[in-house]
Amino acid sequence: MATDSTENINDNTPEFDETTLEANANGEQVIVDQLTVEEQLREDLGKEKDKFLRLFAEFENFKKRNAKERVELYKTANQEVLLALLPVLDDFDRAVAEIGKSGDENLLKGVSLIHDKFKNTLTSKGLEQVEVNTGDTFDADFAEAITQIPMPDMKGKIVDVIEKGYKLGDKIIRFPKVVTGQ
419 MATDSTENIN DNTPEFDETT LEANANGEQV IVDQLTVEEQ LREDLGKEKD
469 KFLRLFAEFE NFKKRNAKER VELYKTANQE VLLALLPVLD DFDRAVAEIG
519 KSGDENLLKG VSLIHDKFKN TLTSKGLEQV EVNTGDTFDA DFAEAITQIP
569 MPDMKGKIVD VIEKGYKLGD KIIRFPKVVT GQ
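Here the sequence shown stands for residues 419 to 600, where the numbers follow the numbering used here.
Here you go:
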């Protein structure tokens, strides 16, 4: 009987023949493959999320750069027009000086009003005069030396301002033309 009960136990356990083992091995392989596919999908999803985040960040940087360029363009958009108007402003300055010498107060008052209105309009568009005066030390970054004259006491200094300079924002659009001492 002991042999019979041993046989019963052996009968209850499944037999692992080669076919069953292969089937089990294939089943396990399928499970492993499914996990690999799932892991692959997770990895692909992670890569796509990364691509999306990078693309989104790149687009945000593009928008910021574009907005900055637009602001910069707005600041300097008038540059060509303002440069074209500078000779007119110079003529107005000379006209006011000459009319002041003539003694006609009414004419001077009328031209001065127009001159001031014109200057205020240009200033409201961002135009500023570059301040250089006689006696200032010459700096090639802010002025253009037209000529030098021998003056030992004014060596390296501005002797005369021939033409005013102007800047638009922080950018000098026309350098002042000066005579320096040598």
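The beta-carbon is built from N, C-alpha and C at its ideal position, and this holds for glycine as well.
Proximal residues to residue i (C-beta, below 6 Å), its chain only, five neighbours per side dropped
| i | result |
| --- | --- |
| Glu440 | Any reading at Glu440 needs caution, since the residue's pLDDT is 49, under 50, leaving its predicted position unreliable; the model's value is listed next. Nothing listed; no residue qualifies. |
| Glu363 | The shown model of the chain, from 419 to 600, leaves out residue 363, and the question about it has no answer. |
| Glu581 | Lys595 |
| Thr565 | Val597 |
| Tyr492 | none |
| Phe434 | For Phe434, the pLDDT reaches just 45, beneath the cut-off of 50, and the residue's location in the model is therefore unreliable, leaving the point undetermined. |
| Ile517 | Leu525, Leu526, Val529 |
| Glu562 | Phe593, Lys595 |
Counted within 10 angstroms of its Cβ, other Cβ atoms place residue i as buried (16 or more) or exposed
| i | result |
| --- | --- |
| Gly401 | Residue 401 is absent from the model: the chain starts at 419 and stops at 600. |
| Arg512 | exposed |
| Val506 | exposed |
| Pro570 | exposed |
| Phe556 | buried |
| Arg602 | For residue 602 there is no data in the structure shown, the boundaries of the chain being 419 and 600. |
| Asp588 | exposed |
| Val448 | For Val448, the pLDDT reaches just 48, beneath the cut-off of 50, and the residue's location in the model is therefore unreliable, leaving the point undetermined. |
| Val550 | buried |
Neighbourhood of residue i by C-beta, 7 Å cutoff - its chain only, sequence neighbours within 5 removed
| i | result |
| --- | --- |
| Asp578 | Thr552, Val596, Val597 |
Where the beta strand (DSSP E) containing residue i begins and where it ends
| i | result |
| --- | --- |
| Gln566 | 562-567 |
| Asp554 | Neither: Asp554 is in no beta strand (DSSP E) and is coded neither H nor E. |
| Gly583 | 583-586 |
| Gln547 | 545-548 |
| Lys589 | 589-592 |
| Gly599 | 595-599 |
Pair within 9 Å by beta-carbon distance, residue i and residue j
| i | j | result |
| --- | --- | --- |
| Lys585 | Val529 | no |
| Gly599 | Met572 | yes |
| Ile576 | Asp554 | yes |
| Leu500 | Leu540 | yes |
| Phe510 | Lys486 | no |
Nonlocal neighbours in the same chain, by C-beta distance under 8 Å from residue i, ignoring five residues either side
| i | result |
| --- | --- |
| Ile590 | Val548, Phe560, Gly583, Tyr584 |
| Lys481 | none |
| Asp508 | Glu581, Lys582 |
Minimum Cβ-Cβ distance from residue i to chain C less than 9 Å
| i | result |
| --- | --- |
| Glu457 | Among the chains of the structure shown, chain C does not appear; only one protein chain is present. |
Tell me the start and end of each unbroken alpha helix (DSSP H) in the segment 466-532 that is at least 4 residues and wholly inside, in chain order. Complete alpha helix (DSSP H) runs here, min 4: 497-520.
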